[in-house]
Amino acid sequence: MMDHPKSSSNRPEDEARYLLNGFKTLLMSTVSAEGVPDASYSPFVRMEDDYFYVYVSGLSRHTSNLEATGVVSLLFVEDERNANQLFARRRLSFDCRVKLILRDSAKWKDVMENFSRKFRDVIDVIQPLGDFKLFCIAPKSGVYVRGFGQAYRFTGATLENFQHIDSVK
432 MMDHPKSSSN RPEDEARYLL NGFKTLLMST VSAEGVPDAS YSPFVRMEDD YFYVYVSGLS
492 RHTSNLEATG VVSLLFVEDE RNANQLFARR RLSFDCRVKL ILRDSAKWKD VMENFSRKFR
552 DVIDVIQPLG DFKLFCIAPK SGVYVRGFGQ AYRFTGATLE NFQHIDSVK
């Protein structure tokens, strides 16, 4: 049996939020217009709308993939060193839609202020670089796994209304 993270309850929703709050970067899976997959990562901020925002270089494959397809899968997975069982690491995945935030729009400025607070000096260096783009990543659905036989589906970005996955379909 896995130890569950400390949270205010044993609800999987609370545990998923606790897991997510421990991350400053996200793992992302994108695909090109030609169907070529790419795995990568990015620092992120999460705003009041519960969406994820990434500020990424246009020189990266994942950036062109985000622009071309408008979809991404995100993964947050428990550190191997903290897992009791490597085959059952706690993890949270999201299937998402992506939208480019126009540079210098009110939303862009608001999100970049959050990036500056979270990541400090490095944002001052990369914010003026013209190839960097800001994307809003809006979760549509996802899965939280907290151990063997303990997987839950949910919809939306707020980590609510979990449904236990109790059979293989």
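Position in the sequence shown counted from 1, then plus 431, gives you the numbering used here.
All C-beta atoms, glycine included, are put in the ideal place defined by N, C-alpha and C.
Just so you know, these numbers come straight off a predicted model, no measurement behind them.
(message) Do R492 and D469 have their beta-carbon atoms positioned less than 8 Å apart in this structure?
(response) Sequence index remark: in the sequence shown, residue 469 carries index 38 (1-based). Sequence index remark: in the sequence shown, residue 492 carries index 61 (1-based). Contact: yes.
(message) For S504, tell me which candidate among N545, D480, C567 has the shortest Cα-Cα distance.
(response) For the purposes of this step, residue 504 is taken as the residue at position 73 of the sequence shown. Taking only the C-alpha atoms, the option nearest S504 is C567.
(message) Using only the alpha-carbon positions, how far apart do K540 and D597 sit?
(response) Along the sequence shown, read from residue 1 onward, the residue named residue 540 stands at position 109. Along the sequence shown, read from residue 1 onward, the residue named residue 597 stands at position 166. Cα-Cα distance, rounded: 44 Å.
(request) Along the alpha helix (DSSP H) that carries A447, what are the first and last residues, could you check? (result) The residue labelled residue 447 in the question sits at position 16 within the sequence shown. 443 to 451 is the span of the alpha helix (DSSP H), which, as asked, contains A447.
(request) Please name the residue or residues paired with Y583 in a DSSP beta bridge. (result) The sequence position of residue 583 within the sequence shown is 152, counting from 1. Partner(s): Y575, H595.
(message) In the DSSP output, which residue or residues are listed as bridge partners for A470?
(response) Numbered from 1 along the sequence shown, position 39 holds the residue referred to as residue 470. Bridge partners of A470: S460.
(request) Going by DSSP, name the residue or residues bridged to V556. (result) Start at 1 with the first residue of the sequence shown, and residue 556 comes out as number 125. Note: V556 sits in no beta bridge, so no partner.
(request) From the DSSP output, read off the bridge partner residues of S536. (result) Locating residue 536 in the sequence shown gives position 105, counting from the first residue. The partner list for S536 (beta bridge, DSSP) is empty, contrary to what the question assumes.
(message) Would S488 and D562 be called neighbours here (beta carbons separated by less than 8 Å)?
(response) In the sequence shown, counting from the first residue as 1, residue 488 sits at position 57. In the sequence shown, counting from the first residue as 1, residue 562 sits at position 131. Cβ distance < 8 Å, so S488 and D562 count as in contact.
(request) Identify whether A588 lies in helix, strand or coil by the three-state DSSP scheme. (result) For the purposes of this step, residue 588 is identified with residue 157 of the sequence shown, where counting begins at 1. In the structure shown, A588 sits in coil (DSSP, three-state: anything other than H, G, I, E or B).
(message) Please tell me whether L407 and Y575 are closer than 8 Å, where the distance is taken between their beta carbons.
(response) A query on residue 407 cannot be resolved here, the shown segment of the chain reaching from 432 to 600 and no further.
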